[in-house]
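Below is one structure, written out as structure tokens; comments come after it.
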Amino acid sequence: MNIGIDLGGTKIEIALVNNQHEIIYRYREPTIRGDYASSCQQLIKLIAQVEQLHNLANLPIGIGIPGSIAKQSGLVKNANSTWLNGQPLLADLNRALDGRVRIANDANCFALSEALFGHAKGAETVLGVIIGTGCGAGLVVNGQLIHGLNGIGGEWGHNAMPWVNESDRVACYCGLENCIETYLSGPGWLLRSKQRYQLDWSDAKALYTDYQQGGLAAQQAFDDYVVNLAKGLASVINIFDPDVIILGGGLGQMTELYQRVPAIWQNWVFSDLVETRLLAPKLGDSSGVLGAAGLWPFH
Numbered sequence: 001m002n003i004g005i006d007l008g009g010t011k012i013e014i015a016l017v018n019n020q021h022e023i024i025y026r027y028r029e030p031t032i033r034g035d036y037a038s039s040c041q042q043l044i045k046l047i048a049q050v051e052q053l054h055n056l057a058n059l060p061i062g063i064g065i066p067g068s069i070a071k072q073s074g075l076v077k078n079a080n081s082t083w084l085n086g087q088p089l090l091a092d093l094n095r096a097l098d099g100r101v102r103i104a105n106d107a108n109c110f111a112l113s114e115a116l117f118g119h120a121k122g123a124e125t126v127l128g129v130i131i132g133t134g135c136g137a138g139l140v141v142n143g144q145l146i147h148g149l150n151g152i153g154g155e156w157g158h159n160a161m162p163w164v165n166e167s168d169r170v171a172c173y174c175g176l177e178n179c180i181e182t183y184l185s186g187p188g189w190l191l192r193s194k195q196r197y198q199l200d201w202s203d204a205k206a207l208y209t210d211y212q213q214g215g216l217a218a219q220q221a222f223d224d225y226v227v228n229l230a231k232g233l234a235s236v237i238n239i240f241d242p243d244v245i246i247l248g249g250g251l252g253q254m255t256e257l258y259q260r261v262p263a264i265w266q267n268w269v270f271s272d273l274v275e276t277r278l279l280a281p282k283l284g285d286s287s288g289v290l291g292a293a294g295l296w297p298f299h
């Protein structure tokens, strides 16, 4: 029995996963944002609640975070939850929880769970993409995560969006401009759409709802999103050429993407035939916690 945690930018989810990789308990609540100490306290509190509720103790704990742990320093880096950056999250949690914690990038957890248990099971090469508060991805080859020498395997969100108007510049929190994340994350899509169409949608969900209800500007904004997602994924297909791409995160639930994006991505792929499949996650929003729980062996 393992505990898996998905620490997202807007919500935190914790799950108890048995040795058959089944979720027997799950709970989510809003992420405490902006304060590192409060984030640590929230994680420790949730873990204690799960163990007490099920009369268990000393379970292995895996956590997916929207960033990664730097090999040399052990500090969080590249997190869009910027209050985590530069902090010794792994060391602090292991000090509080007796060395029971492993941490990995949330997109890596997502990609691994779908490659092992989900719609990409059996595929040789898998790209698992998370488009939500941020924009990340994980690479899996023959059931193994590709972390890379620098620990940034799959971090496509901070490449520049290809084949766009360079004058349409938006700064990214990472210090660069026009990163893929500034187009395809929920906040990025919302900001660009509000600037372009001069309408004040409250968030990306409201923008998508307006699209579904036939709002003209929202339909144009969604068309923009489809084209940009096709470009962003085409750039990865040109390099990695995956069998399967799985879309996770809140924006991955926009069902129209699964037909519309593959219909046009060939415009930017360097091949006369694109057989890569674009699929929704089989495990739904459980993929993150399952992958996190799988950071430890099941006993």
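Under UniProt numbering, the first residue of the sequence shown carries the number 1, and numbering increases by one thereafter.
No residue lacks a Cβ here, since even glycine has one placed at the ideal position from N, Cα and C.
From a predicted model like this one, the values you see are computed outputs, not experimental measurements.
Taking C-beta to C-beta, are residue i and residue j nearer than 8 Å?
| i | j | result |
| --- | --- | --- |
| I3 | I12 | no |
| A120 | L139 | no |
| L257 | G118 | no |
| A221 | W268 | no |
| L290 | V129 | no |
| G136 | N159 | no |
| L127 | I245 | yes |
| M161 | N150 | no |
Below 8 Å on the Cβ atoms is my guess for residue i versus residue j; work out the distance and round it to an integer in Å.
| i | j | result |
| --- | --- | --- |
| G62 | A206 | About 33 Å separates the two Cβ atoms, so there is no contact after all. |
| I131 | G252 | 6 Å |
| T125 | F240 | 7 Å |
Would you tell me roughly how many angstroms separate the C-alpha atoms of residue i and residue j, rounded to the nearest one?
| i | j | result |
| --- | --- | --- |
| L97 | G288 | 21 Å |
| G186 | P281 | 18 Å |
| W83 | S39 | 9 Å |
| D203 | T209 | 10 Å |
| W296 | A171 | 38 Å |
| I237 | N58 | 42 Å |
| Q198 | I103 | 41 Å |
| L273 | I5 | 39 Å |
| Q42 | T31 | 8 Å |
| E22 | G154 | 27 Å |
| Y183 | R33 | 22 Å |
| G74 | Q213 | 47 Å |
| L46 | D285 | 19 Å |
| G219 | Q195 | In the sequence as displayed, the identity of residue 219 is Gln instead of Gly. Each residue's Cα considered, the two are about 15 Å apart. |
| G232 | G215 | 25 Å |
| E275 | P60 | 39 Å |
| L90 | I44 | 12 Å |
| G249 | L278 | 14 Å |
| D243 | I24 | 31 Å |
| N55 | M1 | 12 Å |
| N85 | K71 | 14 Å |
| H147 | Y211 | 37 Å |
| L7 | S113 | 16 Å |
| S167 | G122 | 43 Å |
| N228 | V164 | 9 Å |
| V141 | D224 | 31 Å |
| S193 | S271 | 31 Å |
| G99 | M254 | 39 Å |
| E29 | G188 | 23 Å |
Keeping to the same chain, check which residues put their C-beta closer than 7 Å to that of residue i; ignore five residues upstream and five downstream.
| i | result |
| --- | --- |
| G134 | G9, P66, N80, G157, E181 and S185 |
| G143 | A115 and L116 |
| L190 | W201, D203, A204 and L207 |
| A234 | W265, W268 and V269 |
| A217 | Y197 and L199 |
| C174 | H158 |
Ignore the nearest five residues each way along the sequence and tell me which others in residue i's own chain have a CB closer than 8 Å to its CB.
| i | result |
| --- | --- |
| V226 | E256, L257, R260, V261 and I264 |
| R169 | E177 and N178 |
CB-CB under 6 Å to residue i, same chain, minus the five flanking residues each way: which ones, in chain order?
| i | result |
| --- | --- |
| Y36 | W83 and Q87 |
| Y27 | I14 |
| V101 | I61, L93 and N94 |
| C109 | G64, G288, G291 and A292 |
Sufficient close CB pairs (3 or more, under 8 Å) joining the region 42 to 56 to the region 70 to 83:
no
| query | Between the region 67 to 75 and the region 16 to 23, do three or more beta carbon pairs fall short of 8 Å? | reply | Taking a contact to require three or more Cβ pairs closer than 8 Å, the region 67 to 75 and the region 16 to 23 do not qualify as touching.
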